């Protein structure tokens, strides 16, 4: 009996010990593993060099980003240039595209400063035309009729100098000066020359004005930008504070704000946010991010939209809302442009506007100024988005859709007196960047560990709780049972046994 009781006690005790161990291990997996992984990520969340002097993994991937980057371009061609110039007709346009380009990024002149807490670099972009991913009619030699950017520059120059109009009007007798028929390659990267504009700027009376207003000999939307960088960046490496990694301190020697040749207000010229390639870790509760674009010379606010899963990775989507480009918001920030559009580059360039593709979100007078242009495509109300893995802060997918248009003004020239002032779209673009498979697998690793520890923690905590409850129940059961047995034994010892009945022989002997 004693042996059996000892076995039961040992079994219940072992059950309780196992339950407590499971409970503590499960709670530890739920509480301490995420904290450990988060601290490990933050400790390695900096761009720098290892102790042996070689690039750490972050710097290696920052120097040569591992993304599949593509840019698709649709070119808008005018079908009735004569009617637009001479009769004030609305432009009738067609689209040709997509012309697809592969983009390779590489950082050069990488230099550390401020005790390795800051990094200077130039981000070189190289564009390669991808014929296989372009439309069947899309050849770089394809001809399109587009607004003459150089002509609009001349309009700007001589509108400020009206006394010179009689000298340049004789040069401008054809609507071919307002619109030009050129190849797609010339419009984009190769650039084009205008002989008549060249003659105007070669005239002794007007040459000085052209030089003073930087009228170029050759121009294109991306002329001179292939295999070039978009300025010298100074960013935080995150070595001293992981929350500041990627923050832009200066661009092309300007910081913390651009000089007054950019934009029109002080707030618009502020350099804010990261460079769009690095973000701090642990963005699970962040609602807004800021980025600075060197190619657009301005900062943007990204707003959190929703969470989703992309390629097995849980991500948080931050969008660039179209509402950001409303005239009211731009007026507050100091951009002062037409509704849902803003200047591309700066005030020294021709009136090239950046807006959402197909004038989405623009004023009715802007959207209705063209024929043959789909002004309301089936897209969400955003010009682009960043899908960011919140634990590491890595951008796994980026997409941007925007349009470049030229502000067409008739100025004070006789040949354009019948033309309406309007904004003419030239191209719209869809640019995407998707992280490579190796990086994706590395991003999945800590998530897999967290998921496993979370599931294991829940299972162990549940089992530990169950075992603890069972052991407590068994202990209570055996305790109550033993108390009852003990009480029964005590009652039997205190009650005397009745005397045996008298034997018949005893009665006979007494007689």
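Residue numbers (this note's numbering): 109 to 619. Note that beta-carbon positions come from the ideal geometry of N, C-alpha and C, so glycine has one too. All values reported here derive from a predicted model rather than from experimental measurement.
Residues bridged to residue 541 (per DSSP): 177, 506
Taking the continuous alpha helix (DSSP H) assigned at residue 320, which residues delimit it? 315-320
Nearest-angstrom Cα separation, counted from residue 159 out to residue 562: 34 Å
Report, in whole angstroms, the separation of the C-beta atoms of residue 299 and residue 331, which I expect to be a contact under 8 Å. Yes, residue 299 and residue 331 are in contact; Cβ-Cβ is about 4 Å, under 8 Å.
Can you grab the Cα-Cα spacing for the pair residue 456 / residue 530, in whole Å? Note that residue 456 scores 40 on pLDDT, short of 50, meaning its location in the model is unreliable and no value can be drawn from it.
Would you kindly report the start and end of the unbroken alpha helix (DSSP H) that includes residue 261? 257-267
For residue 400, which residues of its own chain have a beta-carbon under 6 Å away from its beta-carbon, when the five flanking residues on both sides are left out? 356, 379, 381, 407
Residue range of the beta strand (DSSP E) that residue 303 falls in? No beta strand (DSSP E) contains residue 303, which is instead part of the alpha helix (DSSP H) from 303-310.
With respect to the alpha helix (DSSP H) encompassing residue 170, which residues constitute its N-terminal and C-terminal limits? For residue 170, the uninterrupted alpha helix (DSSP H) segment begins and ends at 165-171.
Span separating the alpha-carbon of residue 460 from that of residue 558: 48 Å
Out of curiosity, what's the CA-to-CA distance linking residue 246 and residue 494? 29 Å
Relative to the C-alpha of residue 230, which candidate in 209, 579, 402 has its C-alpha closest? It is 402.
What is the rounded straight-line gap between the Cα of residue 454 and the Cα of residue 405? With a pLDDT of only 39 at residue 454, under the threshold of 50, the placement of this residue in the model should not be trusted; the figure read from the coordinates follows. Answer to the nearest angstrom: the Cα atoms are 7 Å apart.
Under the three-state reduction of DSSP, which class applies to residue 297: helix, strand or coil? When secondary structure is reduced to three states using DSSP, residue 297 falls in the helix class.
Inter-residue Cα distance where the pair is residue 571 and residue 339: So the alpha carbons of these two residues sit roughly 59 Å apart.
Distance, residue 250 Cα to residue 376 Cα: 38 Å
Compare the C-alpha of residue 261 against each of 317, 209, 211, 220 and name the closest. 317
Output the distance between the C-alpha atoms of residue 124 and residue 576, rounded to the nearest integer angstrom. Approximately 5 Å between the Cα atoms of the pair.
In terms of residues, what are the limits of the beta strand (DSSP E) holding residue 497? First-last of the beta strand (DSSP E) with residue 497: 490-497.
Can you give me the C-alpha to C-alpha distance between residue 238 and residue 211, rounded to a whole angstrom? 10 Å
Kindly list the residues whose CB is nearer than 8 Å to the CB of residue 485, restricted to its own chain and excluding five residues on each side of it in sequence; keep chain order. With a pLDDT of 48 at residue 485, under the threshold of 50, the predicted position of this residue should be treated as unreliable, though the coordinate-derived value follows. Around residue 485: 465, 466, 468.
What are the uninterrupted segments assigned as alpha helix (DSSP H) that are 4 or more residues long and contained completely in the segment 524-578, given in chain order? none
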